[in-house]
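Asker: In our numbering, the protein residues as written are 37 to 270.
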């Protein structure tokens with residue numbers, strides 16, 4: 037069934053089932069993986085692999101002795117990205133087993149290397165309230181990774197909560213954002229006082245005041261949205 041080794045210089049390479057691999061060095065660990073998923077989903081890697089290749093013995097990524105060295109990335113982060121990527125490529129659901137921190141790693145690297153679909157998958161996983169991302173964490177992630185749709189909801193939550201921004205949270209979101217939030221919170225408190233006064237001193241019957249109170253609450257929310265949108269230029 038099997039024959040002895042022969043020269044392969046005259047053979048063609050199957051377009052689908054001849055896999056090109058690439059070797060990466062991340063921290064102190066070597067990764068050798070198929071190139072195809074990286075090329076298919078990442079603009080950055082696609083452009084890198086399309087660069088003119090020189091002598092195979094000197095080209096990075098073709099062997100363990102000359103890997104592509106990835107700086108500023110941890111082994112755990114790269115492993116998380118690969119798990120999510122390979123599982124999607126091969127139609128398995130192991131990517132759904134990633135935990136909260138691993139999906140944040142996927143978000144970080146997919147944004148850095150322009151894996152658009154994988155980035156969307158990470159955002160989709162982290163977005164639901166069931167994930168219980170703290171609003172400060174979510175706001176910081178939104179700023180870091182340009183997730184615009186997270187900004188307004190998280191800012192509204194921070195502006196409306198009872199406790200003010202503490203020192204640690206202030207360091208994380210930045211002084212400018214702390215000042216803006218403080219101003220918005222002050223305006224919201226003024227609106228709440230006005231709302232209470234209007235409800236308590238109205239001459240309408242109690243049943244009508246309850247209905248009006250629900251309408252007032254909706255109007256108060258609209259005003260809060262307007263305040264946050266204006267303050268943060270959203």
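Glycine included, each C-beta is placed from N, C-alpha and C at the ideal position.
Would residue 219 be called buried (16 or more neighbouring beta carbons within 10 Å of its own) or exposed?
Answerer: When all chains shown are included, residue 219 counts as exposed.
Asker: Could you pull out every residue in the same chain whose Cβ sits closer than 7 Å to the Cβ of residue 176, ignoring the five residues on either side in sequence?
Answerer: Within the same chain, residue 176 has close Cβ partners 208 and 209.
Asker: Grab me the residues of residue 190's own chain with a C-beta within less than 6 Å of its C-beta, minus the 5 sequence neighbours each way, in chain order.
Answerer: Result list for residue 190: 171, 174 and 175, in chain order.
Asker: For the segment 123-186, which segments carrying the alpha helix (DSSP H) assignment without a break, of at least 4 residues, lie completely within its bounds, in sequence order?
Answerer: With a minimum length of 4 residues, the continuous alpha helix (DSSP H) runs that stay inside the segment 123-186 are 136-148, 152-162 and 171-180.
Asker: Please name the residue or residues paired with residue 58 in a DSSP beta bridge.
Answerer: 69, per the DSSP bridge assignment.
Asker: Output needed for residue 111: all residues of its chain with C-beta closer than 8 Å, excluding positions within five of it in sequence on either side, in chain order.
Answerer: The answer, listed in chain order, is 62, 63, 64 and 65.
Asker: Looking only at C-alpha atoms, which of 266, 161, 124 and 212 sits nearest to residue 72?
Answerer: Closest by alpha carbon: 124.
Asker: Residue 217 and residue 195 look like a contact to me (Cβ under 8 Å); what is the Cβ gap, rounded to whole Å?
Answerer: Residue 217 to residue 195, Cβ: 6 Å. Contact.
Asker: Measuring straight from C-alpha to C-alpha, what distance separates residue 76 and residue 69?
Answerer: Cα to Cα, residue 76 sits roughly 14 Å from residue 69.
Asker: State the DSSP-derived secondary structure class of residue 95, mapped to helix, strand or coil.
Answerer: Here residue 95 sits in coil by DSSP.
Asker: Indicate whether residue 104 and residue 58 have their beta-carbon atoms separated by less than 8 Å.
Answerer: Yes, Cβ-Cβ distance for residue 104 and residue 58 is below 8 Å.
Asker: Output needed for residue 205: all residues of its chain with C-beta closer than 6 Å, excluding positions within five of it in sequence on either side, in chain order.
Answerer: Around residue 205: 172.
Asker: Helix, strand or coil, according to DSSP, for residue 104 in the structure here?
Answerer: Residue 104 falls in the strand class under three-state DSSP.
Asker: Residues in the same chain with beta-carbon distance under 6 Å from residue 79, minus the five sequence neighbours each way, listed in chain order, please.
Answerer: Around residue 79: 150.
Asker: 8 Å is my cut-off, CB to CB: does residue 62 come that close to chain D?
Answerer: Among the protein chains of the structure shown there is no chain D, as only one such chain exists.
Asker: Looking at the unbroken alpha helix (DSSP H) that takes in residue 81, where does it start and where does it end?
Answerer: It spans 79-85 - the alpha helix (DSSP H) in which residue 81 sits, taken as one unbroken run.
Asker: With C-beta atoms as the reference, is residue 201 less than 8 Å away from residue 263?
Answerer: No, Cβ-Cβ distance for residue 201 and residue 263 is not below 8 Å.
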